[in-house]
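Numbering (UniProt numbering), first residue to last: 1 to 344. So the structure is just underneath, and the comments pick up after that.
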Amino acid sequence: MSENNPREHVIMMMLDTLMDEPLQRALEEESLPAFQFFMEKANHYYPDVVAPFPTMSVNVESTFITGHYSDQHHIPALAWFNQKEQRIINYGTHVIEQMKLGLSRCVYDTFYRLNNEHLNPNVTTIYEDLYQEGKTAASVNALVYRGPVENELKLPRLLRLFVPLDRTIPTKGPSHFVYGKFSKMSPWTKYSHVWNKYGFNNHFSIQEFTYFVEQDMIPHFSIVYLPDHDKRVHKHGRMDLKGIKQMDEQLQQLLNAFSSWEEALERNIWILMGDNGQATVGENKEQALVDLRRLLEPWKITKLRKGVQPDDQIVLGMNLRSCFVYSLHPDVLPLDEIAKKTTI
1 MSENNPREHV IMMMLDTLMD EPLQRALEEE SLPAFQFFME KANHYYPDVV
51 APFPTMSVNV ESTFITGHYS DQHHIPALAW FNQKEQRIIN YGTHVIEQMK
101 LGLSRCVYDT FYRLNNEHLN PNVTTIYEDL YQEGKTAASV NALVYRGPVE
151 NELKLPRLLR LFVPLDRTIP TKGPSHFVYG KFSKMSPWTK YSHVWNKYGF
201 NNHFSIQEFT YFVEQDMIPH FSIVYLPDHD KRVHKHGRMD LKGIKQMDEQ
251 LQQLLNAFSS WEEALERNIW ILMGDNGQAT VGENKEQALV DLRRLLEPWK
301 ITKLRKGVQP DDQIVLGMNL RSCFVYSLHP DVLPLDEIAK KTTI
């Protein structure tokens with residue numbers, strides 16, 4: 001990234017749940033011009049990168065931009081128990097769970113507290129470090145983005161009908177900041193409607209970064225997050241190839257924004273990476289289900305709607321395929337005793 005290096009921009013494409021085995025099969029069975037181009041030109045390919053644990057996107061992103069694990073950056077997962085506030089934090093596992101916890105609080109946790117309070121202020125992010133060196137940076141649709149520049153999120157009117165929050169929420173991010181429809185830099189509105197998850201989709205991420213390319217405003221460092229493949233893998237299994245083919249088409253669209261694909265590589269350093277993997281879950285959902293409520297009987301588990309009560313003993317932070325188990329009184333109910341009870 002020196003002034004004498006023509007490849008002065010680093011573009012990191014974070015491809016949610018991209019894994020080596022399905023990618024290799026897709027390369028054999030499908031036409032993937034963009035992936036093939038990048039792999040032929042790549043200096044390095046690492047098929048067995050290990051994701052930080054727990055492998056939830058907010059933890060992976062926080063680890064990546066801070067260089068620390070969750071014991072230091074303080075964002076362990078989508079759902080976790082804040083012992084200081086004695087409440088469950090939920091950034092978006094399921095809307096039903098968020099409604100039980102309080103939808104407005106969960107939305108504000110996600111839009112404001114995640115980056116401005118929960119992410120440890122005593123550890124710096126790559127955006128803050130680059131700013132100190134006089135470098136510009138971009139976060140496109142990443143959930144964790146804390147930086148040095150004052151920004152604001154603009155909440156659509158429809159959303160404010162369901163959550164009584166202000167029209168704008170202040171936040172701090174990098175110089176180039178895209179967070180779905182809530183903070184964008186292009187004048188385009190396509191792919192940002194409520195049925196498009198307000199812009200949290202691959203098409204919108206590519207559209208926004210394409211605008212950077214066309215306006216010659218690519219910053220020194222960029223993270224561009226493509227979230228869609230994760231949902232397909234959850235639904236269709238880890239060997240789903242259609243999501244990979246869709247990502248390839250979107251990468252082609254981005255490469256086409258340059259005068260040539262070769263120029264895209266000559267002027268920029270590209271990093272394509274998956275953020276985590278997924279294990280195979282059995283087809284029989286009843287057999288795959290782990291009923292912690294039954295396993296933890298007769299201990300008293302905090303109910304989402306009621307919050308922590310005086311006689312509660314255990315809090316569960318449910319993260320779809322994983323769960324945090326907290327003892328509210330570890331001196332009386334040690335975690336090792338709970339662990340013995342949950343052995344299947």
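All residues carry an ideal CB built from backbone N, CA and C; glycine is no exception. Note that the structure is predicted; figures quoted are calculated from it, not measured.
### Task
Pair every Cβ in the stretch 295-311 with every Cβ in the stretch 95-104, then say whether three or more of these pairs are closer than 8 Å.
yes
### Query
Helix, strand or coil: which one does DSSP assign to Ile89?
strand
### Task
Evaluate contact between the stretch 212-220 and the stretch 163-176, counting only Cβ atoms and requiring at least three cross-stretch pairs below 8 Å.
yes
### Query
What is the DSSP secondary structure of Ile11, counted as helix, strand or coil?
strand
### Task
May I have the straight-line CA-CA distance separating Ala42 from Thr210, to the nearest angstrom?
22 Å
### Task
With distances taken Cα to Cα, identify the nearest neighbour of Leu165 among Ala138, Ser104, Pro47 and Pro121.
Ser104
### Message
For Val325, report the span of its beta strand (DSSP E) as first-last.
### Response
Ser322 to Ser327
### Query
CB Leu119 to CB Val144, shorter than 8 Å?
yes
### Message
I'd like to check one pair, Val123 with Arg73: are the Cβ atoms closer than 8 Å?
### Response
The sequence shown places His at residue 73, rather than the Arg named in the question. Yes, the Cβ-Cβ distance between His73 and Val123 is below 8 Å.
### Query
Beta carbon of Leu292, beta carbon of Thr343: below 8 Å?
no
### Residues of its chain near Ser186, where Cβ-Cβ distance is below 6 Å and the 5 sequence neighbours each way are ignored
Glu208 and Tyr211
### Message
If you measure between the beta carbons of residue 370 and Pro22, is that distance less than 8 Å?
### Response
The displayed coordinates of the chain run from 1 to 344. Any statement about residue 370 would go beyond what the structure contains.
### Task
Report yes if the C-beta distance between Thr168 and Lys184 is below 8 Å; otherwise report no.
no
### Query
Going by Cα to Cα distance, which pick from Val50, Tyr69 and Ile96 is closest to Val58?
Tyr69
### Message
Looking only at its chain, what residues have a beta carbon closer than 7 Å to the beta carbon of Phe258, apart from the 5 residues adjacent to it on each side?
### Response
Val213 and Ala264
### Query
Would a C-beta distance cut-off of 8 Å place Gly274 and Thr17 closer than the cut-off?
yes
### Query
What is the rounded straight-line gap between the Cα of Gln132 and the Cα of Asn116?
19 Å
### Message
Does the CB of Leu320 have a neighbour CB from chain B at under 8 Å?
### Response
Any reference to chain B falls outside this structure, which holds one protein chain only.
### Message
The alpha helix (DSSP H) that contains Glu273, what's its start and end?
### Response
Residue identity differs from the one stated: residue 273 is Met in this sequence, not Glu. No alpha helix (DSSP H) contains Met273, which is instead part of the beta strand (DSSP E) from Asn268 to Gly274.
### Query
Can you give the Cα-Cα distance for Val224 and Met14, rounded to whole angstroms?
6 Å
### Query
In terms of residue numbering, what span does the beta strand (DSSP E) encompassing Ala79 cover?
Ala79 to Asn82
### Task
Over the uninterrupted beta strand (DSSP E) stretch that includes Gly173, give me the two end residues.
Thr168 to Gly173
### Message
Please list the terminal residues of the continuous alpha helix (DSSP H) segment that includes Ser139.
### Response
Where Ser139 is concerned, there is no enclosing alpha helix (DSSP H), although the beta strand (DSSP E) it sits in stretches over Ala137 to Val140.
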